[in-house]
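Peer 1: Chains as they are written, first to last, in the numbering used here: chain A, 1 to 410; chain B, 1 to 410; chain C, 1 to 410; chain D, 1 to 410. We treat Cβ as the ideally placed atom computed from N, Cα and C, and that holds for glycine.
4 protein chains.
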Amino acid sequence: MSDRLSRSDLVPRLTDQGYSARDVAARRRWVERRTGTRLTQVGRCALASEPMRGNVENPIGAAQVPLGVAGPLAIQGEHARGTFYVPLALTEGAVVRSYERGMIALTRSGGVVARLYADENRVAPVFQFDGVAEARHFCLRLPELLPELQAAAAATTRHGRLLRLEPRPLGRAVMVNFCYSTADAHGMNMIAKATESACQLLVARGVAGRYTIFSAMDSEKRASGALLGGGKGKQVVAGARLPARLVRAYLHTTPAELREVWEATLLGHLQSGAIGYNGQYANGLAALFIACGQDVANVANSAVGITHAEVTPEGDLYASVTLPSLTVATVGGGTGGGTARECLEMLGCAGPGGAPKLAEIVAATLLAGELSMGAALASGEFVAAHEAYGRNRPPAAPVPAADDRPGAAE
Amino acid sequence: MSDRLSRSDLVPRLTDQGYSARDVAARRRWVERRTGTRLTQVGRCALASEPMRGNVENPIGAAQVPLGVAGPLAIQGEHARGTFYVPLALTEGAVVRSYERGMIALTRSGGVVARLYADENRVAPVFQFDGVAEARHFCLRLPELLPELQAAAAATTRHGRLLRLEPRPLGRAVMVNFCYSTADAHGMNMIAKATESACQLLVARGVAGRYTIFSAMDSEKRASGALLGGGKGKQVVAGARLPARLVRAYLHTTPAELREVWEATLLGHLQSGAIGYNGQYANGLAALFIACGQDVANVANSAVGITHAEVTPEGDLYASVTLPSLTVATVGGGTGGGTARECLEMLGCAGPGGAPKLAEIVAATLLAGELSMGAALASGEFVAAHEAYGRNRPPAAPVPAADDRPGAAE
Amino acid sequence: MSDRLSRSDLVPRLTDQGYSARDVAARRRWVERRTGTRLTQVGRCALASEPMRGNVENPIGAAQVPLGVAGPLAIQGEHARGTFYVPLALTEGAVVRSYERGMIALTRSGGVVARLYADENRVAPVFQFDGVAEARHFCLRLPELLPELQAAAAATTRHGRLLRLEPRPLGRAVMVNFCYSTADAHGMNMIAKATESACQLLVARGVAGRYTIFSAMDSEKRASGALLGGGKGKQVVAGARLPARLVRAYLHTTPAELREVWEATLLGHLQSGAIGYNGQYANGLAALFIACGQDVANVANSAVGITHAEVTPEGDLYASVTLPSLTVATVGGGTGGGTARECLEMLGCAGPGGAPKLAEIVAATLLAGELSMGAALASGEFVAAHEAYGRNRPPAAPVPAADDRPGAAE
Amino acid sequence: MSDRLSRSDLVPRLTDQGYSARDVAARRRWVERRTGTRLTQVGRCALASEPMRGNVENPIGAAQVPLGVAGPLAIQGEHARGTFYVPLALTEGAVVRSYERGMIALTRSGGVVARLYADENRVAPVFQFDGVAEARHFCLRLPELLPELQAAAAATTRHGRLLRLEPRPLGRAVMVNFCYSTADAHGMNMIAKATESACQLLVARGVAGRYTIFSAMDSEKRASGALLGGGKGKQVVAGARLPARLVRAYLHTTPAELREVWEATLLGHLQSGAIGYNGQYANGLAALFIACGQDVANVANSAVGITHAEVTPEGDLYASVTLPSLTVATVGGGTGGGTARECLEMLGCAGPGGAPKLAEIVAATLLAGELSMGAALASGEFVAAHEAYGRNRPPAAPVPAADDRPGAAE
């Protein structure tokens, strides 16, 4: 087998891991040669190469994803207040139009109310003991040890703060959620390091023996029922009341019909053993995350949530999204520069202090998508809309004055 | 409220929905003015604007994501055969290096065996009836109606083929999985249209009355237990046997230690009510999907799967990933041009015929990520690796000859 | 350690495992001596001891559970047709009254329509292979082997018939649902034996190597999402339309209020990551199963299902229960004699041919419980009802002419 | 329809709801006449009829379930200490023998270590608000209201104590876990009443408006992922180390083989979207619950847990069960008299103070069942054991000196 893998088969790392423009170009050419391809567009990117350090290894350029904008979206949050235009990067026709339609309906109805309930992140190491009694003993000692563990964690980071411990036994092992506030960063590296330090202290004290830093009980980047209880990022709720006449004008349906679709699709979730309920969270999340330099893999946990649609006694619609574990950041990762920084600036969220605002904007955006998708299903326009917007050719006839836009509406 | 939303608040659609370079630029400037930002980098993209039609609406440019490459990755699939270099677009330091390390270990061990079990997609409309007896009657009639429904579906698409119907009662409603083969496209629009046509036929025949085209039972872009049984994209399995000495040399751990980490984290999944089990599928999927122009929202369903790690009687490691509902495409959507096309070409998967091959490559790539993450946890290097690669500064000292690369290994 | 456990510590097995009345009494006295207790009532049972062979080992008498009766319950099934009085064994006050109330409301509304969709049972062995390719190869061969496997299975049982195989890969292993019809028995022993025989044939043919007869993928006696798709017992649906005036008269609420409670509690299921949705299936199932000699542990899988409540356009209520994996039997196990047999006879279900009828009765009974519980919550009577019926003292005042009974109702 | 239901169709309630022996007999005869059956054995029960008040309505006698005994089972708990003989009521052959075998192996190995982590019960009302902001406001006020709510709850019960509130938003609604300690009772009626009182106080204060007393988020009598985190009854863990030679002697397998079966069946749980993992919890729970007068419907939540099997570095077996939400009681419900009281006395758990002890005994019993079932699968004896014990005929030949009993073992 060794003949199949020589040093020359390895992707070249070059000087200092190769982040200079020259090194990136050299590596790209190496890949072109090895794979017999031309990577012209990959190389023609606006991103500078040096800042990619810390974001990617073996860089060869940038992937480019079409970027659209949807809005206006009026939000009455505690952090996001005003009217927003939301950048969405994706390659599925009709999705931006779908979100835009929902946003206009929401804005015309007075906007989205958003509230942040919690803002935490966690790492869950697992500790192994000799037996059930020793595991129980460990759990009983944890409360007294908390201050010391908080100090050990604090010594490793300025931004992450250890809030509490949540132990969970499993036989003779104990998994412990180390719960942190992480300011505007997602902060997994930061809190992993802090937790490592705390664990080592437990070992040094003789309180614990063997441990693994991740047990996956924290549900980072995976879907789980536990996420419904929060703990992985922002717990945020967004809701709005839409008068029946505006539902009719902009969404081409009625509150009762929308409610029925909500119910039918919720039962489809039940049938398939899904976690939570939503129409198209993943669409909005992925598009916003790509645009805004978020860690896109966090779509897996962020998409766990619950959409609700109700008809009020007055016959209007009340719709909401509940996102218990939304992972967003405005510092660190991919948020500091490039197109991501520009998109965050479009939302007024770039840099320190922006994360809670971004969370409310994401929630309001998802609500728009839920309404619009539900409406398309209720009105029977779903397939037609994808037909109209999902093809790569200009409209045959002039697109009619879209009646999902206000001039036409009333 | 109407004073808050006038026609001038709307994102301009311009001529024919505005896909000319000039219109895109005009719209971008409009957004800059409205949001008081500069979108310089957003506008400096390699993507041509006209081809964005069908992929995005209200285009203003492109989001750009750092692109790295990981490899070599030897695969012995039925569709993917040879050695591959995999493009990964993301902004989390250490991930490319992590996948690369796993790929090298796998390649040195003889490569990954991959097999495709099934290749389907589905839409699940829900039909409403007067009562339980009528719903049952409908189900009993479906088998005889299949040929007619197949014909109705076939009349709408050349590429999608209706394979079978799977009805599921819920009270007096019936949800029905319409299961299709869709060739190299993901094909949701195609099969939604085909299913719509089939449903209309059922109504015209008087067999069904009210229906909604989506019940969500198909689990498109959401995580669910049902996905473990397949049906949403490719069902693909990849596995490899790694000799203990290579596990030691490249992954810095032993098969038994890796096995233990696998078990500890699997129990963490159980504790949190997760669906399936994996280490970091979402990382690899998101990075590959962004690079290759896939619909990134499909990470939600594609990430449902099961990783397994075993110690063989000989003391070696056998590791595998089982991906029952992996959604990948090589035609349609964002796959036709731009950086996505170049990335697909790097993998030899662009265009018709490429999807099964892409599925095997994705599976093999995820296996590499599982091994590497498990190994980092087992060896205690996880936090240190993220420290080393997750920061935006050049290494203080020359990076040591990486012992996860073959020259050093043996 | 051995001083803690001598032969005299063991429960005496006596002659031929000790099922004679004398042996049972001797064993009971032995237990009384060892535990220093009096087991007077345990010994005063109506059950003969010899027939306990095959149902229990080390018998010492019988547990006795208070038995009530609820009815009348009108059912229009395909197997159950007429009016039934349902035996319920339990120790929770108010439950029988609750089910009775629902039954009367349903009966007054014209009765419950019930339909059986499927009637199967399954065992899911897991086969281990050398690698992913070998596992795939095995799956590809299964279709051609089916007739031979059916013959091998048939040679072990007259009642179980192997219908089909459903393979599911997991890395280099393959789990296979062996799906059977089992007539009126639950038949786990029967189909386990048949499957064992089929597996041995696969080994003898060299098609498979190592296997374990149970992988638990069949979900016998456990809750799982897969059960929603059926396969473990009877898939049965029961529904009824209740006029608004009867909902008011018997259930003290309105269709709309009941609908709201249904929705609120369904969302509570979502929040807690429950499988399916129901109000109190477990109450009715446990009580019926104990009364009718069913395997009570099967409550775990049988309770997986979905209750639905809708308001019709006319303002009436349509309510249903969908039970995809209801395990009931009328031959074998505890169904052949004693109080169980008498209870089955009360339902006209004893012996061969009774199981489908019993399934429909169970479904109709559960529907009654769902309605009544929902109504109690909607009307705010829930706590009061449990207060009134959950105490061990006669009513202080004459119980008022219960308005959930027809004379009072209209 | 009314012709189908006259007053004479109703089950007679008789004097004071009819709990006198005479009334029970009269009702039984009424049922016999209506259904054309003989309920001889149902009537020949040891249970007195008056004490059935509060446990059942419309009583007609008792269901009788064969009762066996398994043991000895040595336990080193905090509450259960010593050697126990466990009563099991059921009708599935081989199960008592299976549990007995596991118990003997555990006892010979030094017994089971059991620990109680938590002991709570909860009710989760749902409160409805006008919008997301009002819901958030409600949650913010809850902490200050806690003392007042505790007082309101305390005024309704001596035994239940309101410990804390756990609010969970869902759109504009808020579900709140009201968490109580309930001493030795399961206490659902008690805490429902206390919670009702607290809710009414919230309404009276103007803090809340509409509410429903149950949202089902508490997961009473249903399976859910949330139960893994505890809160519904006893959180209890039991584990034991079994030397390899005793595993061989009593369980006819090796720690490594048992471990492999554990893994294979755990993966089967993953495949089927099960919650947690176990071999046969439902068997032991149902049998113990019936014997001991527990609410058998609570098997649904109690069966959610996780079994673990490990091979220690010394080659021994460490096995455990983790039961986060085990519902057991020794006062109230069916525990006060009859055969249930006698069975509780066998375990030394009857009456006040017994519930924690009972919880540890249940956990240890389930561990025995897990070991024995795993061993039967590992050794290939599973099908044969059910053959031998699942039939209603005496053994053809003298049963061989069972090698799962100590005399033979060593």
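(1) Tell me whether the beta-carbon of residue 217(B) lies closer than 9 Å to the beta-carbon of residue 124(B).
(2) Would you tell me roughly how many angstroms separate the C-alpha atoms of residue 321(C) and residue 226(A), rounded to the nearest one?
(3) Report the option in 393(D), 360(D), 150(D) and 335(D) whose CA atom is closest to the CA atom of residue 392(C).
(4) If I follow the unbroken alpha helix (DSSP H) through residue 224(A), where does it start and stop?
(5) Determine whether the beta carbon atoms of residue 212(B) and residue 126(B) lie at a separation below 9 Å.
(6) Return the CA-CA distance between residue 307(B) and residue 176(A), expressed in angstroms with no decimal places.
(7) In chain order, which beta strand (DSSP E) runs of at least 3 residues are fully inside the region 83-170 of chain B?
(8) Taking 9 Å as the CB-CB cut-off, is residue 273(B) touching chain D?
(9) Could you work out which residues of chain B lie near residue 320(C), taking near to mean beta carbons separated by less than 7 Å?
(10) For a quick check, are the C-beta atoms of residue 299(A) and residue 228(A) less than 9 Å apart?
(11) Counting only beta-carbon atoms, is residue 17(D) nearer than 9 Å to chain A?
(12) Helix, strand or coil for residue 280(B) per DSSP?
(13) Checking 9 Å against the spacing of the C-beta atoms, do residue 333(C) and residue 47(C) come in under that value?
(14) What are the residues in the region 173-189 of chain A lying within 7 Å of chain D by C-beta distance?
(15) Do residue 20(B) and residue 373(B) come within 9 Å of each other at the CB atom, strictly closer than that value?
(16) How would you label residue 2(C), buried or exposed, when you count the other beta carbons within 10 angstroms and need 16 or more for buried?
(17) Just to confirm before moving on: does the CB-CB distance between residue 86(C) and residue 280(C) stay below 9 Å?
(18) Helix or strand or just coil, what does DSSP make of residue 234(D)?
(19) Going by DSSP, name the residue or residues bridged to residue 306(C).
(20) Decide if the region 185-200 of chain A is in contact with the region 147-165 of chain A; the criterion is three or more beta carbon pairs, one per stretch, under 8 Å apart.
(21) Below 8 Å on C-beta distance, what does residue 76(B) contact in chain A?
(22) Pair every Cβ in the region 337-355 of chain D with every Cβ in the region 248-264 of chain D, then say whether three or more of these pairs are closer than 8 Å.
(23) Compute the Euclidean distance between the alpha carbons of residue 343(A) and residue 376(C), then round it to the nearest angstrom.
(24) Measuring only the C-alpha atoms, how far is residue 53(D) from residue 389(C)?
(25) Around the Cβ of residue 258(D), are there at least 16 other Cβ atoms within 10 angstroms (buried) or fewer (exposed)?
(26) Express the C-alpha separation of residue 327(A) and residue 296(B) in angstroms, rounding to a whole number.
(27) Determine the burial state of residue 137(D): buried for a count of at least 16 other Cβ atoms within 10 Å of its Cβ, exposed for fewer.
(28) Could you tell me the boundaries of the alpha helix (DSSP H) in which residue 19(D) lies?
(29) Quick check on DSSP: helix, strand or coil for residue 33(A)?
(30) Assuming residue 12(D) is part of the beta strand (DSSP E), what are its boundary residues?
(31) Using beta carbons (cut-off 9 Å, strictly below), is residue 281(C) in contact with chain D?
(32) Quick one, are the C-beta atoms of residue 62(C) and residue 31(C) less than 9 Å apart?
(33) Assign residue 177(C) to one of three DSSP states: helix, strand, or coil.
(34) Chain B beta carbons: is any one of them nearer than 9 Å to that of residue 226(D)?
(35) Using a Cβ-Cβ cutoff of less than 8 Å, which residues in the same chain neighbour residue 147(C) once the five nearest sequence positions on both sides are dropped?
(36) DSSP on residue 266(D), reduced to helix/strand/coil?
Peer 2: Well, looking at it:
(1) yes
(2) 27 Å
(3) 335(D)
(4) Unbroken run through residue 224(A): none, as it is neither H nor E.
(5) yes
(6) 23 Å
(7) 112-123, 126-128 and 161-170
(8) yes
(9) 132, 171 and 172
(10) no
(11) no
(12) coil
(13) no
(14) none
(15) no
(16) No answer about residue 2(C) holds up, because its pLDDT of 44 lies below 50 and its placement is not dependable.
(17) no
(18) strand
(19) 277(C) and 322(C)
(20) yes
(21) Residues of chain A passing the Cβ test: none, with the nearest at roughly 11 Å.
(22) no
(23) 52 Å
(24) 8 Å
(25) buried
(26) 16 Å
(27) exposed
(28) That residue, residue 19(D), is in no alpha helix (DSSP H); it is neither H nor E in DSSP.
(29) helix
(30) It is not in any beta strand (DSSP E) - residue 12(D) carries neither H nor E in the DSSP assignment.
(31) yes
(32) no
(33) strand
(34) yes
(35) none
(36) helix
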